[in-house]
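Scroll down for the structure; my scribbles are underneath it.
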Amino acid sequence: MKTIVWDPAKCNGCRVCEAICSFVKEGEFNPVKSRGKVVRTVERQIPFSVWVSCLQCEEAFCKAICPTGAISTNDAGVKIVTEEKCIGCKMCMIVCPVGAIALDPESGVAIKCDQCRGLEEPQCVKYCYPGALQYLPSERIGIALARAKSEKFLEIAKGEVA
Amino acid sequence: MSNAGRILRVDLAEGKIEKEPTSSYVRDYVGGLSIGTKIFWDGGVPPEITGTDPRNMLIFSTGPLTGTLLGNKCVLIAKSPIYTNKTIGNAGMGGQFPSEMKFAGYDHIVITGKAEEPAYLFINNDDVEIKSAKHLWGLDVYETQTRIREELKDPDVQIACIGPAGENLVAFSLVLHDIENTASRVGHGAVMGSKNLKAVAVRGTKGLKVADPEAFMALWKQYWEYYTAGRGRYIFRTLNREGVAIHYDHYMDKDTAVWGNFDSFVVPNRKKEEEIGDFMNKYLAGRIGCAFCPAQCHESYNVDGVGGGATCMFYTGFRWVVKNKNLKTWWKLNQLCQRYGMETLSASGITAWLMDLYEKGIITAADTDGVPMEWGSEEACMAAIEKMAKREGFGELLAEGIVPAAKKIGRDSISYAVQYRNLNVHPGYGPVGATGGTNIVPSASEVWTHPPVDIHAHYPWLAPELGVSLEEAQQIVYGWLSDFTEKTTGDRDSWKEDNYEKYADFAVVNETAISACDISGHCDWLSDRLPQTGCWWGPEDIARAISVATGMSCTTEMLLDAHRRRRLLELTYLRLCYDALGEQEEISLKLLQPRPDGYFKGWIADFEKVLQVTNRYYELMGIDPATGLPLRKELERLGLKDAADRLESLQLQETPATAEEVRQEAASEESPKQQE
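As they're listed, the protein sequences go chains X and Z. Counted the way the numbering used here counts, the first sequence spans residues 228 to 389. Counted the way the numbering used here counts, the second sequence spans residues 878 to 1553.
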């Protein structure tokens, strides 16, 4: 199974991921319908951006709580919403630990990331210019994040060697 | 399709809110700046009023690409409070606001009248409400946005607002959105202030479809690849890492940065620790920019003892021009200016002018409420900013801009004012040769926008990107420019500073490139406007993008005609304003002197030759060189018979001496004195 992982140190808050997601999934530019969200806040004139999307929980609360069985796991381990079965009860949205599920304002069904099923790779990852989004196999997430976080230490260490 | 399809009209006096379709404007004016200008023209704003008259009209115009992956900008249009003769002024603004406007379902927002009491506009998709802003009046631009977000209980609402400077009708006040996006220079803040309009808050959830998603995506991928893997990758990477900032220090490399009030072009004792790069290493907090643009070319800083903020344009304000080299002071002054919602190039230009006058003994501390206007003095700058924004004490004298201030002060202070049309000249690049024409000859600045004069700021950052020497990078940049001008003007040298013969051809191409962006909502940085940075995306590409996005077949010629209609309407309106108000433009005598020092030492602004450039521009744009008026034939070809008729009715009354004759006379009178 693979997961889309976000690196806060690299993200520049450009929201291309939101635009490309809503365009690929819904044929329109609409951040409200994007499966991944860039949460922008400003604190004392300093901007912060946090990316939120489905991390494909191993034990998915959304799937467990869905009263109609609309959420299932596909072969790749990705949690998928079957639109026809969704009754728009929003239970999945409430239990999601990261806030990764939205409600389509027009159709009234739950929408979430399916890692661009049918395409080679998630398009948000493909077009993330600063490289903040990565598409990683579960077993490599730990080490990849460790590497990313250790960059600062490595920099210092390299400086000392030089 | 990718047009939201509606124009929102708000009459603040009557509290009336109306919506009308955009469609009737689209064929002839396409979008953005051109439609906005046409709405303004049709609005019948009387030429004789000032910019802060309630009868003025303020228009927020987005383009058909705004809100897509190929656009994120809007343009604000109104009768300008600062321009001489108060003609129409427009200013672009990016950020999240323009896209949000489209998502809410509006291509344009047209604001007329004056609210009885301070108000703000809240647009939530179809619901539009005029709300009280009595509790917000007097707040700075940051606090205003925070309070509105809290009040509306929606942190994602996007807000464009004014600060105290706009409320106090300071002619160079601006409209600010988020932390750093502004519509500035031409005084839109004061226009909002004069309407008692503190802010426009927008929330939109409708989204935008495009007519041909596949073709749109293909086009965008081409654009994306150019900027991530093609020639555009150098500027893109630089913008993403060092932002716009990096270019500014390079103005010092070839001595185009102004030191003091345009008396010198050499920054003395240049030190690394006084440069933006060093400052950035210390204080950069993150990047910020416009929706859906990976470049995020603005920087956000967190400076100890001063606080956070972000910036784009003001790297030159309150720096060399006031002889300040301390970047912490620079940051503090600019943030103060920004909080008040005041434009820093004018504010710092006026302050530098006062310092010059003080040094020359033309004014004393008694003229500035006891504050000695010493070069580089933080206290003097602080006082000037505070007083101007609040219109207190000597600030009242300055709040209409440098020319009215000089007229009030008298004592030959006008000879030291460096401006064009009452706008302070950008102190980051002292005008050189033909590139500076619009800063030197007032009528030139009325008709053609100045093409990039910052060529010399671009190869220093490119050299390390390419791993080549400075000289090689220079040749590469010159090559890019020559390739571009050969393609667009048929002349490899038309971009050069001393090429007065062909320069107008380049000016027209450059202006058209900017205009195509302002019409469509695309960013004019990442476009054909800046071939010297390796950027690309010209009118023909934009026309194609508009076609696939809107489903309307938009040819390059249609786009260019939309641009010409806008320009000719502006020029017609300019003449109506000139006729109604009759103010003569003042020349910046200082800019007519030979360059005193630096790389361009001895260069002299050739008034005559700039007039030649202007005449050639007239020829290319369908304007009569003898009068500077759009030709009836061209106006009628573009369907603007009403404009031709308006002009003719003026000419029947009186044919004024051409502005140039008056100015040349003024120049010849003044020049002996300058030589003394």
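Positions of the beta carbon are idealized from the N, C-alpha and C atoms, including for glycine.
In its own chain, which residues sit with a C-beta less than 6 Å from the C-beta of residue i, not counting the 5 before and 5 after it?
i: residue 918(Z); result: 1446
i: residue 1354(Z); result: 1335, 1336, 1409
i: residue 1435(Z); result: none
i: residue 966(Z); result: 957, 960, 1063
i: residue 1275(Z); result: 1227, 1265, 1282
i: residue 243(X); result: 354
i: residue 329(X); result: 338
i: residue 1509(Z); result: 1521
i: residue 1214(Z); result: 1221, 1224, 1262
i: residue 1132(Z); result: 1142, 1143, 1475, 1476
i: residue 1268(Z); result: 1045, 1276
For residue i, name the three-state secondary structure that DSSP assigns.
i: residue 313(X); result: coil
i: residue 1303(Z); result: coil
i: residue 1532(Z); result: Reliability of the predicted coordinates at residue 1532(Z) is poor, the pLDDT of 48 falling under 50, and no value is obtained from them.
i: residue 1456(Z); result: helix
i: residue 899(Z); result: coil
i: residue 1492(Z); result: helix
i: residue 1065(Z); result: helix
i: residue 334(X); result: coil
i: residue 1316(Z); result: helix
i: residue 1510(Z); result: helix
i: residue 1167(Z); result: coil
i: residue 1037(Z); result: strand
i: residue 329(X); result: strand
i: residue 1254(Z); result: coil
i: residue 1501(Z); result: strand
i: residue 247(X); result: helix
i: residue 237(X); result: coil
i: residue 270(X); result: strand
For residue i, collect the residues of the same chain with a Cβ closer than 7 Å to its Cβ; drop the 5 residues on either side in sequence, then sort them by chain order.
i: residue 932(Z); result: 922, 923, 926
i: residue 1173(Z); result: 1117, 1164, 1165, 1166
i: residue 1532(Z); result: Here the model assigns residue 1532(Z) a pLDDT of 48, short of 50, so the residue's position is not dependable and the matter cannot be decided.
i: residue 1151(Z); result: 1202, 1204
Could you please give me the residues that DSSP links to residue i through a beta bridge?
i: residue 1179(Z); result: 1185(Z)
i: residue 966(Z); result: 955(Z)
i: residue 1025(Z); result: Answer is none; residue 1025(Z) lacks a bridge partner.
i: residue 264(X); result: 279(X)
i: residue 997(Z); result: 1008(Z), 1076(Z)
i: residue 306(X); result: 300(X)
i: residue 1173(Z); result: Paired residue(s): none; residue 1173(Z) is not in a bridge.
i: residue 987(Z); result: 886(Z), 936(Z)
i: residue 231(X); result: 362(X)
i: residue 1297(Z); result: 1300(Z)
Considering residue i, what are the terminal residues of the alpha helix (DSSP H) in which it resides?
i: residue 278(X); result: No alpha helix (DSSP H) contains residue 278(X), which is instead part of the beta strand (DSSP E) from 273-279.
i: residue 1385(Z); result: 1380-1397
i: residue 1090(Z); result: 1090-1105
i: residue 1338(Z); result: 1336-1343
i: residue 885(Z); result: Careful: residue 885(Z) lies outside any alpha helix (DSSP H), inside the beta strand (DSSP E) at 883-888.
i: residue 1197(Z); result: Element bounds for residue 1197(Z): n/a, residue is neither H nor E.
Can you give me the start and stop residues for the beta strand (DSSP E) that residue i sits inside?
i: residue 364(X); result: 360-364
i: residue 1006(Z); result: 1004-1009
i: residue 1058(Z); result: 1058-1060
i: residue 1411(Z); result: Unbroken run through residue 1411(Z): none, as it is neither H nor E.
i: residue 934(Z); result: 934-939
i: residue 299(X); result: 298-300
i: residue 1233(Z); result: Not the beta strand (DSSP E): residue 1233(Z) falls in the alpha helix (DSSP H), residues 1221-1237.
i: residue 1114(Z); result: Residue 1114(Z) -> not in any beta strand (DSSP E); alpha helix (DSSP H) instead, spanning 1110-1118.
i: residue 914(Z); result: Segment 909-919 is the alpha helix (DSSP H) holding residue 914(Z); no beta strand (DSSP E) there.
i: residue 1333(Z); result: Counting along the chain, residue 1333(Z) falls outside any beta strand (DSSP E), and DSSP gives it neither H nor E.
i: residue 1153(Z); result: No beta strand (DSSP E) contains residue 1153(Z), which is instead part of the alpha helix (DSSP H) from 1153-1160.
i: residue 259(X); result: Counting along the chain, residue 259(X) falls outside any beta strand (DSSP E), and DSSP gives it neither H nor E.
Quick one: measure Cβ to Cβ for residue i and residue j, integer angstroms, because I've assumed they're closer than 8 Å.
i: residue 945(Z); j: residue 1096(Z); result: About 10 Å separates the two Cβ atoms, so there is no contact after all.
i: residue 1324(Z); j: residue 1491(Z); result: 6 Å
i: residue 1080(Z); j: residue 977(Z); result: 7 Å
i: residue 1051(Z); j: residue 1218(Z); result: 6 Å
i: residue 1177(Z); j: residue 1184(Z); result: Not really, about 11 Å apart at Cβ, beyond 8 Å.
Return the chain-ordered list of same chain residues with a C-beta closer than 8 Å to the C-beta of residue i, the five sequence neighbours on each side being excluded.
i: residue 1216(Z); result: 1017, 1018, 1019, 1040
i: residue 1351(Z); result: 1336
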